[in-house]
Structures are given as C-alpha cells and as structure tokens.
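Heads up: the sequence shown begins at 503 in this note's numbering, then just goes up one per residue.
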Amino acid sequence: MRRAPYLFLSAALALAAVGCGHARHPGPPTIQDLRRRARLRPQDPMAARALAEGEMLLEGSDPARAAAAIERATQLDGDNVRLLFLGAIERELHGDPSAALHGFLRVIEQAARSRDPLGPSMAAIAAAEIESLDDAVDGFVPQVTEALTPLHAQPGRIGDEARSTIADLLIDLSYRAGDLERVQAIVQAQRCVVEWRIAGPFGPRHLLSYDTELAPDADATLADEYNLGPSRGVRSTRDARARGCQQNIGGGPVGGAGTTFVESTVQVPSAGRWVLRLETPNAVRVSVDGEEVVALDRRREALPRVTYHPLTLTAGPHAVRVRITSRHPNPVVALSLSQTAGPASGAELTGTGPLTAFVRAQSAIVRGDVVRARELLRPSVQSREAAPLLLIAAAAAALNDPLRGSTERHDTARRLLTWAHERDERAWYAHLALAQLEANEGRSEVAIHTLQDGMQRWPELVVMPLQLIDYLSQRGWHAQVEQTVARAREAVPSACRPLRAALTYARRRHRAALEMQHARALVQCDARSDALFSLLVRQRRWDAARAELARLTSLQPGDIPLNALQAELDIANSRDDQAEVGRLLTQLLERIPLSAPLVQREADRLLARGDREGALARLTAALEAEPEAMMDLRRGLRAIGGGSPLEAYRRDGTQVIRDLEASDRSYDEPMVLVFDYTVYRVFEDGSMLELTHNIYRLQSQEAVNAMGEFHVPENAQMLTLRTVKEDGTRLEPDEIAGKETISFPSLSPGDYIEFEYLRPRPAPAGYPGGFAGDRFYFQNFETPFDHSQLTVIVPRDVELMIDPRGPAPETQTSIEGETRVYRWAVQESRPLRQEPSAVSAREFFPSINWGHGATWDLYVESLRDVLADRNVIDPAAQRLVATIIGDDRRATVEQRAARLRSWVLENVENNADVFGLAPAMLAARAGNRTRVLHYLLRLAGIEAELALARSYAADATHAELPDDDTYQNLIVRMRGSDGWRWLHAGAHGAPFDYIPPPLAGMDALLLDASAARVTVAERALEADLHSVDVDVLLRRDGGARVTVVETYRGAGAVSWRNQLEEVPDEHLEAQFESQYVANMLPGGELTRLVITGREDAEGPLVLRYDVQLAALARESGRGWVVPSLFPARLAPTYARVASRTLTQLIAAGLAVDVQVRVQVPQGASFESVPEHAVLHGAHGAEVELSASRSPTEVTVRRRYRVPRMRITAQEYGEFAQFCRASDEAEGAEIQIRM
C-alpha cells in the first residue's frame, strides 16, 4: 500500500467527508469527526494517525484514550516517526520515564532516515526531552550513550539542531565519566569553536555600547591590551578555552557588565554551504572575516537563545569575532559550524495541523524562544477543554516568560495547570508544578501533601521525592526526609541527584561514615562532583584533598580554573605551607589583580611573620594603585595600625563638647546638632572615602526617644560610638547579635551622643571619569546646628564644580601636598522659620553640592543605559495596540495616540516603577503609566520620546551640576501631524493634550542620545477656567432657591473626575450635599444634582444643582442683606501671613469667573449693589468686579486671574494687599428693601 505524502495529510483530513453523505467542513475536523472516521475506517492508517494526533492535541480530546489510539495507529504504521514521537510524548506526559526515553531514542533513530518534513524538528525536541530525563531513568547513561553516539557520528537527516543537542548531552555524559578524550572527539566532530581570545568587558555603560564603536572595532585582530574605560583601566587581552562547546567570557581582571569581544580562527575543510550555530542569551554581533553576518539585539526583541545562520565559506581559515553586550558579569557563548544533511535548522516549519503546531511551539522552547512558544500555543489554550498536553506546554512557557513579572507568570501557569489537572489527572507535571506554586506562596504544607500524593501515584518519578525533600528539610522534618531520600534512591538507583540528596542529609545529620560513603559514590556517578574534596577538606585530610583537587582540575580545559586555585590556596594555608601559599597568591593576583581579599591575605602573611611594616606597605600600595577596587582594604589597614588618608582631618569630640559648654551659645530646641562634620577624600579614579562625625545634645525626652537607636550605615567602619553623660562620663554600647540597631546606653535629657565612621564609596557609575557628591545642608527647620563643616579633598589637578544654594558659606581653598582642599563651615546656624507656600527648601537652605566631570548629558546617558532593555517588543502588546487603535486607516496620529492614552489611563494602575520592564508592566496592568504609554506609542509606529521635566514647584535654580531632584517628572513627547505634542499619563480623566499646570512651559531633558533641553508645551491660564453661574430666587422670608451651574475645565475637571470616581452613585448626592454644598451654601438642602462630562475627558465637567435655603438673606433694619456668594477668598489662600522672608510659590494659578443673578419678590427694590472695581497685583494678577441691575434683578460679575508665580519677600506686601483688597471688594453685599 502506498503511503500518502505527509505534507498533505492535514489538508486531506480537513477536506475529507466524514460520516454519511458528502458534507464538507469549513474548518479543521473536530475530535468527534476523527473518532467517527477512525471507527468507520478501522484499517485506514491515515485515519488512525489522525485520531492519535487528535486525542493528544485537540480540544475536547480524551487523554485516557490517547495511548490506545497511538498503539492502534502504530500497529497500522509502525515505523512512522510522528507516531513514535506521539507515543514518547504520551508516556512522558503520564509519568512513564523509561518508556518515554525508549520512545525518544527511537524518534531520533527513525528521523535520521525519514523524509518527513517534521522529522528534524521532532528529533531536536526528542533530544531535548532526553536531556530532561537524565536522573529520571535507571541506566540512563549507558542507554543514551549507546544509542546516540553512532547517531552523532552519522546523523543522517536529523538536522543541525538535534545533532547539536545530542553533542551537548554526550559531552556532559563524557565529563561525568571523566572521559576527556571522548569530550574532545565530540567537540571536534561538532566543529565547536573552543580557542578564544577575549578583550573586555568595555564600559562604562552596560548596554548602550552595543550601538557604540569601540577600540577593537577598528582592529582586524584583537590587540594585546585595551583601555576598557573609566575605572577599568588598561587590561591585557586574554586566552581562554571552552568547556565543551560553551565559553563563559567573564572571569578576567575586570568584572562587570559591558561589551566583550571574543575572536577565534576556524578551519573550513571544504567550500560550500555551512551553518553557523550561535548560542547566547545576550545582545550579540558576529562577523566572519571582518563582515558582519549576525546582529541580534536582544535589548529590543525577544529572540531565541539558539540561532542558526547559513553561510557560504571557502576552504581554509576564517576569522570569527563575536561582540557580546550584556549586564551579566560572566556571559556565555557557544559557536559551531556544521554541514549536516537535511533541511536548514532554524527554518520555519510549513504545513498545518495540530501536530505541526505543537512541534513548532516545542521547537521554539528548545531554542530558548519562550515568547514565540507562548504566542504559538496561545490560540490552543483558551478554554478548559484544551488538550492537557498543550495546557502544560503553555504553562511551562508562562513560568519562563521573560516579558512577564512573577505574579503574572505564576497566575497564568496556575490557571493553565489547573485546567490540565482537571482534564487529565494522570498528567504528573501539572500535579508537581501546582505543588511548587503552593510552596512559592508560603503554603509549604499543602505542597508537601500534594507531593506525597504524587509519590503514591507516580512511584517511578524521582522528581516527586526530590522536590519533597527540599520542602521537608525547610520544615525540619528530618525523619520524613530520611524516608523520602530512600524512596528517591529506590526509584532510580543509578541516578546522581538522589545520591546527592542522601549526601546532604547525611552531612546535616552529622553521619560521617555515611557521608564518606555517599561522597565516594557520587564521584563515581559524576566525576565532576566536588563532594569528596569538600568532605576531605572539612576532615582536614590535606594530602587526600590535594590529590582529589588535582583530579578535579584535570577535568577542566585550559588554565587551572580560579576556583581550583582558590581551593589549592586554602589547602596550602591550612597546611601552613607558606612557600606554596606565596606561589599561589602570586598566580591568583596575576589572574585577578583587582582582588582585595587576595591582597589582604598577602598582608596577613607578612603580618604573621612579624613584618608589620611590610604588611602596611602592601596594603598602602594596593590602595594607591586601585583606590576603588581595593577600598575594602582600608578596614584591615586601620586594624593593624595604618592610618587612613583622613586621619589628619579627624576632630576630638570631647574638645568640641568642652568648647560648646564654655561658650555663651545656648539653644532652647529639644535637640542640638553640636557637631556636623563630613570630609570626603576623592581619589584619582573617582572613588571616595567619607569621614562623618556627628555629636548631638539631647535636651528633651522626645529627643532621647528619637535618637536612642543607631543604624550603622552600610559598609561603614565605626570609629566612635558612645553616650557622653552630662557629667562627662563616656559610655560605649554593646552590640547584640541579630539586632539591626545599636542602643546608646543610659541616655537621659542633657546627654550627648557621638558617632564617627569611615565609609568607602565607589566611583559613581553615572559619571564615568567624574564624580558628584551629596548636597550638604547647613540649616534646617527644626534643629540648631552649632558647627557645620564640609571638607572635600581632591587630587591637586582637579578643580571642583561648586553648586551652592541659599546663603551658602564662602569656599575656602588650599593646596596641601598633592591635594586640593575645599572647605565650607558655618557656626551657630539657627533653625529657619517655616512659611506657608514657600518655594522648594533646597533653594533657600544654605547648602553645597560639588562634583567634577559630571554633566547632564552623562546623567541622561546613565538613565538611557538602564532603560536600554526595558522596552522589549512583545507580540501580545502589538496585538493589544492593534485592538485599541482599530482598523480606521483615516485616523490621524493624534487620534491613534489618544486611544492609546485613554486605554492606559483606564486600565493601568499607576506606580513609581520608572525602570520596570514595559511589557511586564503592561501585562500586569500596573506600573509607570508614562513608560507604558511610551511603549505602546512606539509599538504603534508613532515617534515618541521620554523626557524628564522640572516642576514649577521644584528648585528653580539652573545648575550645571546634575542631581536626581531637579527633573523628577516623566513625560512623553510624540510627533503629531503638525509637530511635537506633549502627553502626560498621570492624570485620570484628563484631555488628550492636558499638561499639569506645574509642568507646562517648564524645561525638560530628553532621554535620547541628544540629551537636549527642551520646553514642555505652554498651558494658558484660561485652559483651567472655572466658571460659576448662580441664579438666586429670593423669597420674602429671606429664604431662596439657588440654581448653580459650575463649569470646570482642565485641572479642575480632572480633579472632580478623580474625586467622583471614589464616590458610589448611591452616595453621591448625600456626600455632595454634606461635603460641598454645606461649604458653599451653608444650611442648604440639595434638591437636584446633574453632572455631565464625567466620562468625556475632552470636554468640561459641569455641575448643575439646585439648593433650597431657609435663610440666605439676613434681616437688617427695614430690609434684607444678601451675602456674597462663591467668593474666591484670595487672602486665606495666598496671603496667610503678615510678612515673609522666603519667596512664595503659586504653582498652578487661578482663573475663575463668577456670575450671580439675584431676583427679588414683587414689590421689593435694591438699595445698594457692589461697586465696580478693578484690582491689579504682582505678575499680572487681576480681579475685576462689576454689577448691573434692573428693578427686579441684580447681576454681579467677578473675574479672578492669578497666574502661577513666585512672589519674592519684597513683592509680598503689595501682593498681600491686593489679595485682601479683593476679598474686601468681593464681600460687598446686596441690600434689598422688601
């Protein structure tokens, strides 16, 4: 019988008539269709294969029927690679690892000679599944080695991907057996690049350097050394050899993030088509013979970890260079060339059908392309009736999704796993993963019970007891741990992981003989295990330990690994073999010259020999050569009697106290900062050493309570910490283990507390080659400072940029040896009186900030570096954008942007996570709205940029020295139809072009490569106009019906919309009456309320309400007096004090129009109405009042315009007079004769 072509199988099934008649189905067949067809055609292999596929993968399938369906299909077509694949997957799904391993091995064997287009992909998946079964099947190593070794040598048609995975597995098993010759043979057969030259990492930026040309880019081959950037210095290019096929490229003299270059030469035996396999999770560029052939920017796209790139190469040597940009200190890369037969690896699978779809998704998982797997599986897992296999695959993808936060990952996985468990209780992975999720949320007992049940249901699965051991150990349930370890070892006697668990348990229970037995067995199981070595070290059996270390080292390629050298050093030191210690220290320092602990050990050796001067000299020399890298040595230097660079700048606290008490200075406040003294020593590399010395006098019990506990600053070395009693007695505290703070002893009012410490500080990463200090304040609102002093010591050729504020002290500069010293000091600084609505305190408190080489451009660059990989494109986000925008092709860019902004405001809960991952914030519907909006705009193809804007309420000083406080408001600039538009995403219920008044017209920093200073769009005062239209129908008894229409625009409308959101509809009228009407019209009863514009953010918000008042007017003589309604009351708002010494801030301004019409009863007349008045105040402030009348009606109009402004102390008197005059004028009443 001829076998139908596989490529057309799915299409044929979709078009086939099922059941009776000739009905055709417009879509793919359902599981019921497939069951009916198989029943009607029991000998048809196509029908049987389709049913087997359907029972595993279609919605509504029955997992309990899958095994039988696969078995029947196999009887009809036993060598079909798809059936073998389905059979192995089914066995793994239902907890039969031995059968699954056998099945996956057969899949690869059959794929090697199959022409099925899915064959190579299924082989690659099978190879990955075999890797996952390691330690799950007894006899795994011989079975896999025997089956896969010939297939790696003669791969047939399995493809590059499967062969590479097989190679990785065989290399690992060869290392496990200690067979280095076998490792080398596989590596050579795989054509892995193993010999590398490495330069880097280049800094200072972590990720921006991907786009930057660096020194090696100009060199055909790597030079012997390079300057790696500020604080990294000139470092040698080094050689390395891969372990197997993988090369970790960290571990050089400089650690950290950045861009690293690795290069090698590969020999190509014959010209033709070759495939370059590249494995790395980092942003990478690859060039061959100087021509770039690969550019994968993982900062912006979620790409596979493993990629394949076809090349046409000539025979002979070829230069390969890989340029990796990563935040990781030890990034990994693997590179190989192959000419394996079969379809090109990495190519997109063609065809349709559930198995093709599943293979496509699993192939993405194998390549580390989790986001693509998520997207491929998404359509198939939308309901509880989805196939359990697909639900589990989607859950596994969700748990590893790099574009989701942990909460979303876990919630999605839990939902999918729960559905899978409901559909198929025999699916062990759902059972296990749900237990793990329970434990992750702190419900370990639930997890334990779940896993114990799993052990009963799947006794062959070693993963259940192994996971259970972890949870039992955390609870301290040792008896159950021992039983569970035994169960794990019984399940898979030859596996290493159960043996490792047994060893850990024996060590924890101090069973020495059993520990040695397990350690030796573990080394036999895995030659790479250091279990025996660790045990021998603990037992102080140095000769045996050294021999075991030599064995371990022999398994490593190239130079002796650093960890092995460290271990040898520990052994030599423990044996007191000082000659060997010296040799190893020298060798280690050649490899890692910036290791402060190694230098400390050298100094300790000198000290142990009685050579204190030598130890001091060694530490001092290291600190002088590498101040930042060696900063931790300062503690040790001081401990052996060495001074710090700040020793000469220390002050005697006892004398400070005596001087105060001998003076005539006194303070009445609860606490006095007697001595506020800070010294910074800045070194050539920008790192610093800080000396802080503070003395407080506590003059109240409140101060004693507030200052009684001391938090030791991070990395601080305490020099002084004590209570100084009123009689001069000095008491030093005792530290209590586990207590986070230190208590000052025997504190009482009248005592002093004194603390002094040294603290090293690294060079600020934001300003490569420069530095910036912390602002030092000489005054505050609460505490008197008796003596405040800041001293900054820099190299002699460095001149500081000084950024003073307020009445800062004069800068005193001197040259002292090879240093330049800056000093600022203030004596007897009394607290400043607070004033309402003052400008930012940073403007007027006397303070100093300082720095060198720190610029706003560098500040922006540092932020851009942090954000460089925070906007990764997510297909789910792209779909969302398309849904929000719709398919209206006539929509303008503003209309599209407005839809996105509205969606963000409605759906994303705002927080301050400025540097969060944008797709994760979007998926969580929580994060920084501005960042999310910017992300969506870019996905929509709208040019948009982030900017940091200064607030009108912030410090208005234009300083050249950057800081984190000046620009704190994230905002978006987008290119509209006719130029740039500014968008703000913080305000709910705001119009599209709404900019909060404090940000409008302010300067901002663009967070792009230009770091340009730009101006946010201006906002007219009228844009926030509040109009009040009041109709009063007065009764003869002085009561009235008042009809009010208030129209809010801009900021007022936004504020009302946000407040109204918090009020339930059923409580709205009651709260409006009690909280608003009662304030505006005291005694009024609300009879009607209509609010429009709540949902329309683009229009005004209008309040229409009627109020009945029993007594609006008051009786006076022969008539009535109607008070002023809806007054602005400028004086209580803006002129609350008689005079000022500080500048006053009006950050938002005021624009209000009030019109009040008063109608009187028949026969009444008006005796007096408010007079016309026009008042002018500072900075364009204006109030105009007028009135008109007829026999029965008076209309009063008031117009208030107070722009945002800064009112100096000199201007305040006139402005306050303006406000009070306005209040007096608006208070004019209407007198009526009845």
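The C-beta atom is built at its ideal place from N, Cα and C for all residues, glycine as well.
From the DSSP output, in three-state form, read off residue i for me.
i, result
"Pro1147", "coil"
"Asn1373", "coil"
"Thr651", "helix"
"Met1736", "coil"
"Ala525", "Any reading at Ala525 is ruled out, since the residue's pLDDT is 42, under 50, leaving its predicted position unreliable."
"Trp979", "coil"
"Arg1152", "coil"
"Leu1501", "coil"
"Val796", "strand"
"His596", "coil"
"Glu1731", "coil"
"Ser512", "Caution applies to Ser512, whose pLDDT of 31 falls short of 50 and renders its modelled position unreliable; the model cannot decide the point."
"Gln1102", "helix"
"Gln1657", "strand"
Apart from the five residues just before and just after residue i, which ones in its own chain have a Cβ nearer than 8 Å to its Cβ?
i, result
"Leu585", "Arg551, Ala554, Ile572, Ala575, Thr576 and Asp579"
"Arg1042", "Ser1076"
Can you tell me which of the options puts its alpha carbon nearest to the alpha carbon of residue i?
i, options, result
"Val835", "Gln769, Leu1091, Gln748 and Ala1004", "Gln748"
"Tyr1702", "Val1685, Pro652 and Ile1709", "Val1685"
"Thr474", "Leu653, Leu815, Arg800 and Asp1533", "For residue 474 there is no data in the structure shown, the boundaries of the chain being 503 and 1736."
"Ala898", "Asp1371, Leu879 and Ala888", "Leu879"
"Val1181", "Ala1119, Ser1165 and Tyr1259", "Tyr1259"
"Gln1281", "Ala1492, Leu603 and Ala1310", "Ala1310"
"Glu1587", "Glu1571, Gln1610 and Gly1595", "Gln1610"
"Gln690", "Pro961, Ser838 and Ala1425", "Ser838"
"Ala1666", "Thr723, Gln1733, Tyr1607 and Pro812", "Gln1733"
"Leu1034", "Thr1549, Asp1061, Leu1001 and Gln1058", "Leu1001"
"Arg989", "Pro961, Leu780 and Ala1378", "Pro961"
"Ala1098", "Glu1237, Glu1128 and Glu1597", "Glu1128"
"Ser1724", "His1569, Asp1505 and Ala1633", "Ala1633"
"Val868", "Gln884, Glu663, Asp721 and Gln1068", "Glu663"
"Glu611", "Ser1342, Glu633, Ala626 and Ser600", "Ala626"
"Leu1652", "Gly1143, Ala1553 and Gly641", "Ala1553"
"Asn1207", "Glu1171, Pro1215 and Ser1245", "Ser1245"
What residues in its chain sit with their C-beta under 7 Å from that of residue i, if we drop five residues either side in the sequence?
i, result
"Asn1758", "The question about residue 1758 has no answer here: the residues shown for the chain are numbered 503 through 1736."
"Ala679", "Ala1029"
"Gly605", "Leu586, Gly589, Ala590 and Arg593"
"Val1410", "Arg1427, Ala1428, Gly1429, Arg1431 and Val1434"
"Glu803", "Val1374 and Ile1375"
Going by DSSP, what residue range makes up the beta strand (DSSP E) through residue i?
i, result
"Ile1444", "It is not in any beta strand (DSSP E) - Ile1444 carries neither H nor E in the DSSP assignment."
"Glu1617", "Arg1616 to Ser1618"
"Ile1709", "Met1707 to Ile1709"
"Asn942", "Looking at the DSSP string, Asn942 is not in any beta strand (DSSP E); the run it does join, the alpha helix (DSSP H), is Trp930 to Asn942."
"Phe1668", "Ser1667 to Ser1670"
"Asn1749", "No information on residue 1749 is available, as it lies outside the stretch 503 to 1736 that the chain covers here."
I need the boundaries of the alpha helix (DSSP H) containing residue i, first residue and last residue.
i, result
"Asn1065", "Leu1064 to Ser1076"
"Asn1560", "Ala1553 to Glu1563"
"His951", "Ser946 to Arg959"
"Asp1229", "From DSSP, Asp1229 is part of no alpha helix (DSSP H); its letter is neither H nor E."
Only counting the same chain, and skipping five residues up and downstream in sequence, which positions put a Cβ closer than 6 Å to that of residue i?
i, result
"Val822", "Ser766, Val768 and Val790"
"Asn784", "Ile826, Ser828 and Pro833"
"Cys522", "With a pLDDT of 36 at Cys522, under the threshold of 50, the modelled position of this residue cannot be trusted; read the value that follows with caution. Contacts found: none."
"Arg1322", "Val1296 and Arg1298"
"Arg1699", "Gln1657 and Ser1688"
"Thr762", "Gly702, Pro703, Ile751 and Ile826"
Mind reading off the beta-carbon distance from residue i to residue j? Whole number of angstroms is fine, and I expect it under 8 Å.
i, j, result
"Gln841", "Trp921", "With 8 Å as the limit, Gln841 and Trp921 do not qualify as a contact, their Cβ atoms being about 44 Å apart."
"Ala1751", "Leu1535", "Residue 1751 lies beyond the range of the chain shown here (503 to 1736); nothing can be said about it."
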